[in-house]
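First comes the structure, then the notes that go with it.
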Amino acid sequence: MEIFDYDNILLLPRKCRVQSRSECDASVELGGRRFKLPVVPANMKTVVDEKICAWLAQNGYFYVMHRFDLDNVRFVRDMRAQGCFASISLGIKQADYDTVDRLKAEGLTPEYITIDIAHGHSDSVRDMIGYLKKHLPQSFVIAGNVATPEAVIDLENWGADATKVGVGPGKVCITKLKTGFGTGGWQLSAMKWCARVATKPIIADGGIRSHGDIAKSIRFGATMVMIGSLFAGHEESPGHTVEVDGELYKEYYGSASDFNKGEYRHVEGKRILEPIKGKLADTLTEMEQDIQSSISYSGGKKLMDIRKVNYVILGGDNAGEHLLM
Numbered sequence: 001m002e003i004f005d006y007d008n009i010l011l012l013p014r015k016c017r018v019q020s021r022s023e024c025d026a027s028v029e030l031g032g033r034r035f036k037l038p039v040v041p042a043n044m045k046t047v048v049d050e051k052i053c054a055w056l057a058q059n060g061y062f063y064v065m066h067r068f069d070l071d072n073v074r075f076v077r078d079m080r081a082q083g084c085f086a087s088i089s090l091g092i093k094q095a096d097y098d099t100v101d102r103l104k105a106e107g108l109t110p111e112y113i114t115i116d117i118a119h120g121h122s123d124s125v126r127d128m129i130g131y132l133k134k135h136l137p138q139s140f141v142i143a144g145n146v147a148t149p150e151a152v153i154d155l156e157n158w159g160a161d162a163t164k165v166g167v168g169p170g171k172v173c174i175t176k177l178k179t180g181f182g183t184g185g186w187q188l189s190a191m192k193w194c195a196r197v198a199t200k201p202i203i204a205d206g207g208i209r210s211h212g213d214i215a216k217s218i219r220f221g222a223t224m225v226m227i228g229s230l231f232a233g234h235e236e237s238p239g240h241t242v243e244v245d246g247e248l249y250k251e252y253y254g255s256a257s258d259f260n261k262g263e264y265r266h267v268e269g270k271r272i273l274e275p276i277k278g279k280l281a282d283t284l285t286e287m288e289q290d291i292q293s294s295i296s297y298s299g300g301k302k303l304m305d306i307r308k309v310n311y312v313i314l315g316g317d318n319a320g321e322h323l324l325m
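Residue numbering for the sequence shown follows UniProt numbering, starting at 1 and increasing by one per position.
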């Protein structure tokens with residue numbers, strides 16, 4: 001297989017069929033709901049909090065709340081009170097099983113549950129999927145993270161409704177440096193590889209550095225794209241604000257960093273400072289316009305038309321000479 005990442009790929013335009021890019025529909029369906037965009041802010045403490053999640057839900061966007069220092073049952077209750085759908089994250093420890101039991105006891109069924117661990121192709125994830133399907137069968141279960149077709153096949157067979165692909169490609173992830181494993185540097189190729197065997201939605205997670213990377217993810221099989229750094233650093237973002245040489249930044253750190261864990265143990269993440277970008281709503285509007293432009297370049301009118309285009313691989317021996325389907 002070809003090995004490439006976002007920077008190595010350019011999509012090839014097809015004849016435009018719309019009068020205005022605003023005619024293009026950037027929405028996507030996931031788990032029985034339609035969302036304005038195929039993007040979701042990463043479920044990280046410096047990217048989303050309860051207020052941001054409620055705003056996203058109320059304005060037609062998908063969200064996944066993080067699972068750190070949080071009472072998931074209270075969160076689901078609060079989202080219900082605001083008339084919002086509930087989308088939570090769980091791990092695979094006893095406390096997470098206890099959370100499932102509490103949700104069931106209170107008659108609270110989150111619409112979406114993401115099993116969120118660094119190495120999702122594991123017996124512990126299999127067991128949690130089974131427990132969720134038994135006790136909260138109406139929930140749409142997203143499981144991850146994984147990096148191989150074998151993992152996607154297993155998670156789907158275990159009952160996952162969607163899989164999250166990406167091990168270590170994120171801006172604040174150092175998994176490949178600490179362990180020698182992961183999809184850092186070839187995340188888009190891993191997406192293509194995994195999408196070939198998937199029969200259910202795939203969420204591409206990590207490695208997105210620009211809005212054009214969203215279109216590339218869709219082209220290679222993603223239904224939804226999880227993004228950290230582009231969503232971190234907004235005025236509303238929960239990270240601490242830091243001033244450096246008169247410029248304002250927000251801290252952004254990985255879920256496997258010592259900043260998130262509170263201790264230096266099995267660390268696979270780091271902390272960086274993101275320049276404050278303004279308001280989250282403005283970024284989402286710009287993303288929508290850019291995705292609409294991508295759809296128009298694809299010769300289509302709706303998001304999945306992007307999957308029909310050809311592409312070139314740049315650099316190295318290829319130098320853009322090979323046109324590949």
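We put the CB at the ideal spot given by N, CA and C, even for glycine.
Exposed or buried, which one is residue i when buried takes at least 16 other CB atoms within 10 Å?
i           : result
residue 82  : exposed
residue 99  : buried
residue 1   : exposed
residue 169 : buried
residue 292 : buried
residue 315 : exposed
residue 242 : exposed
residue 257 : Residue placement at residue 257 is poorly supported in this model, since its pLDDT is 47, which falls under 50; the coordinates still yield a value, given next. Classification of residue 257: buried, given that the 10 Å Cβ count is 16 or more.
residue 219 : buried
residue 246 : exposed
residue 264 : Its pLDDT being 47, under 50, residue 264 is placed unreliably in this model, and the coordinates cannot settle the point.
Given a cut-off of 8 Å on the beta-carbon distance, is the pair residue i and residue j in contact?
i           : j           : result
residue 309 : residue 17  : no
residue 274 : residue 232 : yes
residue 200 : residue 161 : yes
residue 167 : residue 182 : yes
residue 239 : residue 46  : yes
residue 188 : residue 313 : no
residue 53  : residue 44  : no
residue 195 : residue 164 : no
residue 111 : residue 31  : yes
residue 77  : residue 56  : no
residue 359 : residue 147 : The displayed coordinates of the chain run from 1 to 325. Any statement about residue 359 would go beyond what the structure contains.
residue 40  : residue 6   : no
residue 171 : residue 235 : no
residue 90  : residue 115 : yes
For residue i, which option in the options has the closest C-alpha, if you only look at C-alpha atoms?
i           : options              : result
residue 73  : 245, 102 and 66      : 102
residue 157 : 138, 125 and 110     : 125
residue 289 : 24, 41 and 12        : 24
residue 276 : 106, 299, 250 and 56 : 250
residue 297 : 6, 22, 4 and 177     : 22
Fill in: Contact the stretch 200 to 208 vs the stretch 221 to 228: 3+ CB pairs below 8 Å
Yes: the two stretches touch, three or more of their Cβ pairs being nearer than 8 Å.
Practice prompt. Would you list, in sequence order, the uninterrupted alpha helix (DSSP H) runs of no fewer than 4 residues that lie entirely inside the stretch 116 to 168?
Written response: Qualifying alpha helix (DSSP H) stretches, in chain order: 123 to 135 and 149 to 158.
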